[in-house]
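Data first, discussion second: the structure below is written as structure tokens.
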Amino acid sequence: MSRESVLVTGEWAENHLDADHVVFVETGNEEADYRKGHIPGCVWISWSAFQDDLELGVIGREKFERLLRSKGIGNDDTVVLLSSSANLHGALAHWYFTLYGHRSVKLLDGGRKKWELDGRPVSADAVDRAASTYRAAAPDASVRAMRDEVLAGIGTAHIVDVRTPEEFAGRIFAPGFAGDEFAPGANPHEVAQRAGHVPGAVNLPWEKAVNADDTFKTDEELRALYAGLDTTRPVVTYCWVGARSAHSWFVLRELLDHPDVKNYDGSWAEYGSLVGVPVARGTGG
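Numbering (this note's numbering), first residue to last: 3 to 287.
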């Protein structure tokens, strides 16, 4: 899959603001920035809307359908996703849309930051699209790894830990948590019972794939970054709760065209609390 088929530039986006069957979707943790100003006509979907609070995972097929219907997104629409923070949640939303078989979904390269840096138009107007009749496909198992598959892949698959070196080594549990106290805003319910990493995993932090303006690095730079991952072995990406690893999944599958890469959305929040599974610490993998 080529870069042009999964990414759009700011210029392309600005030229398609009023195009039929093109829907812009901004996502993330907080809606405040979106309310202040967003791409004209762009709808907001919170990251939490894709999550099932009771089952602690991605929402089911019927809930996904209801969510997209409420936002006026149809099966034939090209969905262009974006977020702040180097498109971190935009890439995660791309993974959700791919999981449920949406035919045309893309990322705005550079996300919100690049759009603002370029001085492109923004609007604070509320966006209310007419409800659709969206139908989702069954979940695509080829893009999602479950815990048993991660365990079976130890020693055979490329298991890529995209967290910080401190998390990988087991020196901290998660961003915002080190030792005994949580930093302001950190969520204690998303911390595993122990720190460390999956044995044999390699540490390739997700943010190395992007430039200072939040655009993706060139294909040549990305291939050099992931040069140690050959295409004859499956790849499983994981992080803390599946967001950062979805970003690396996007790079490997959508930009670099790796034939077999899955996101383990349970990630360390799940694996690090499993009883009896192997855990490694330190920088040696």
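For every residue, glycine included, the Cβ atom is placed at its ideal position computed from N, Cα and C. Computed from a prediction, not measured in an experiment: that's the story for all the values here.
Exposure label - residue i; buried when at least 16 CB within 10 Å
i, result
"A226", "exposed"
"K108", "buried"
"W251", "buried"
"G329", "The question about residue 329 has no answer here: the residues shown for the chain are numbered 3 through 287."
"D182", "Legend: pLDDT at D182 = 40, less than 50; position of this residue unreliable, value from coordinates given subsequently. Classification for D182: exposed."
"H23", "exposed"
"P190", "Note that P190 scores a pLDDT of 48, beneath 50, so its modelled location is shaky and nothing firm can be said."
"L153", "exposed"
"E272", "buried"
"V277", "exposed"
"D111", "buried"
"A229", "exposed"
"S85", "buried"
"R146", "buried"
"G198", "buried"
"E256", "buried"
"D267", "buried"
"A159", "buried"
Sub-9 Å separation of residue i and residue j beta-carbons
i, j, result
"S72", "G30", "no"
"V212", "P236", "no"
"S125", "H18", "no"
"W242", "S275", "no"
"A245", "H96", "no"
"D163", "Y240", "yes"
"I319", "V200", "Lying before the first or after the last residue shown, residue 319 is absent from the chain, which here runs from 3 to 287."
"A248", "A34", "no"
"D42", "D130", "As written in the sequence, residue 42 is Pro, which differs from the Asp given in the question. Cβ atoms of P42 and D130: not closer than 9 Å."
"A133", "R63", "no"
"V27", "L101", "no"
"V238", "G155", "yes"
"A171", "T285", "yes"
"T80", "S48", "no"
"E67", "A138", "yes"
"Y36", "N77", "no"
"P123", "E16", "yes"
"G74", "V8", "no"
"K65", "D54", "yes"
Residue i, enclosing alpha helix (DSSP H) - first and last residue
i, result
"L119", "113 to 119"
"K38", "34 to 38"
"Y240", "From DSSP, Y240 is part of no alpha helix (DSSP H) but of the beta strand (DSSP E) over 237 to 240."
"V8", "5 to 8"
"Y273", "269 to 273"
"D221", "221 to 227"
"A260", "According to the sequence displayed, residue 260 carries His and not Ala. Here H260 belongs to no alpha helix (DSSP H), and DSSP marks it neither H nor E."
"R246", "245 to 251"
N-terminal and C-terminal residue of the beta strand (DSSP E) that residue i is part of
i, result
"V24", "24 to 30"
"H18", "Careful: H18 lies outside any beta strand (DSSP E) and carries neither H nor E."
"N265", "263 to 265"
Interface flag, residue i vs chain C, CB-CB below 9 Å
i, result
"F52", "Absent from the structure is chain C; it holds one protein chain and no more."
3-residue-minimum beta strand (DSSP E) runs that sit fully inside the segment 44 to 74, ordered along the chain: Listed in chain order, they are 45 to 48.
The segment 216 to 223 contacting the segment 54 to 66, beta-carbon criterion three pairs below 8 Å: No, because fewer than three Cβ pairs between the segment 216 to 223 and the segment 54 to 66 fall closer than 8 Å, the two stretches do not touch.
Meets three-Cβ-pair contact criterion under 8 Å: the segment 114 to 121 and the segment 11 to 28: Two segments are said to touch when three or more pairs of C-beta atoms, one from each, lie closer than 8 Å; by this definition the segment 114 to 121 touches the segment 11 to 28.
Uninterrupted alpha helix (DSSP H) stretches inside the segment 85 to 112 (no shorter than 4 residues): Whole alpha helix (DSSP H) segments, 4+ residues: 90 to 101.
The segment 162 to 173 / the segment 194 to 213 touching (three or more Cβ pairs under 8 Å): A contact exists between the segment 162 to 173 and the segment 194 to 213.
Length-filtered (4 minimum) alpha helix (DSSP H) runs lying within the segment 124 to 211: If we require 4 residues or more, the alpha helix (DSSP H) runs fully inside the segment 124 to 211 come out as 149 to 155, 167 to 171.
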